[in-house]
Every structure is written in structure tokens, then in C-alpha cells.
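First residue of the sequence shown? That's 1145 in the numbering used here, and the numbers climb one at a time after it.
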Amino acid sequence: MKKVQQGFTLIELMIVIAIIGILAAIAIPAYQDYISRSQVTAGLADIRGGITAFEELIQRGTSGAAAVGDIGLQASTTRCDITVGGNYNDASGQTVTCTIKGNPTVNGDTIVLTRNSSGAWNCSSSVDTKYKPNGCT
């Protein structure tokens, strides 16, 4: 009488495990890069909101050193520590900085929005190029 095979052989199971291992080896680093990019972009979003309030204070003729609380931001969020530099009455040089915290790949890197003499805000960052948001040098 002919015996019918039931279940999988050991070699078939080993092939499946090898395929899963290869896929995991590719997926985990890609996921870490995705998380790093999203944290940098979220950090930029955290400080971008203060720019409008900063400009309003400058247009009102406010004088003195800029402060985080004056522009409606918190000194620390889940994604970054925020600092503000410059004086409201200067022609340029005002900055809003996010020091990123979280993912070890970008932890401690900064995103800086700097106001130039024409009133435009420019983004610069110390993070690796592949993690930088669009429009940030």
C-alpha cells in the first residue's frame, strides 16, 4: 500500500526560515531609516509653527532676547529640545533650533531655522543627507 506524505519535510521548513531571515535582514534597516526620517521631519514640524509668532513679534517692534515661550513653543517635546537665539529687533540672525532626541541614528543632531536680512527663514541641518526633509540643506 502507498503511504501518503503528511506535513512538511525538514528541508522545506529550513528553506522557509531562510527566506524569512533574508526578508528580515532587508526590512529592519529600511524600517530604521524610515523612523529616522520621520523623526527629523516631525522635529522640523515642531519648530516650524513658531516662525509665524516670531515674525509677528518682530513686526510689532518687540525688543530683547528671543525666548521659546514667547513664540508659543515648548522647550522640550517628545521629538526634540527647542532653543531660540537672537534678538527680536535685529535685522537677521534669529534662530529656532531643534536638537533631535529619540532614534540613535539621529539623536543629538540639529535642525535650525535661521532668519536672513530679507526676512526669509532658511532651514539647515546636521543630520545625514538621506534623513533630511525637503528644503533643508
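We put the CB at the ideal spot given by N, CA and C, even for glycine.
In the structure shown, R1259 falls within a strand segment according to DSSP collapsed to helix, strand and coil. Counting along the chain, no beta strand (DSSP E) covers G1252, and no H or E run does either. It is roughly 10 Å from the alpha-carbon of G1165 to the alpha-carbon of A1171.
When the five nearest sequence neighbours on each side are left out, the beta carbons in the same chain lying within less than 6 Å of the beta carbon of D1225 are those of T1243, in order along the chain.
Going by beta carbons, I1195 and V1240 fall inside the 8 Å limit. In the three-state reduction of the DSSP assignment, T1206 falls in the coil class. Burial is judged here by how many other beta carbons sit within 10 angstroms of a residue's own beta carbon; A1235 has fewer than 16 and is exposed. Distance between T1273 and D1253, taken at the CA atoms: about 12 Å.
Selection L1188, A1174, K1245, S1262 evaluated against L1217 yields L1188 as nearest (Cα-Cα).
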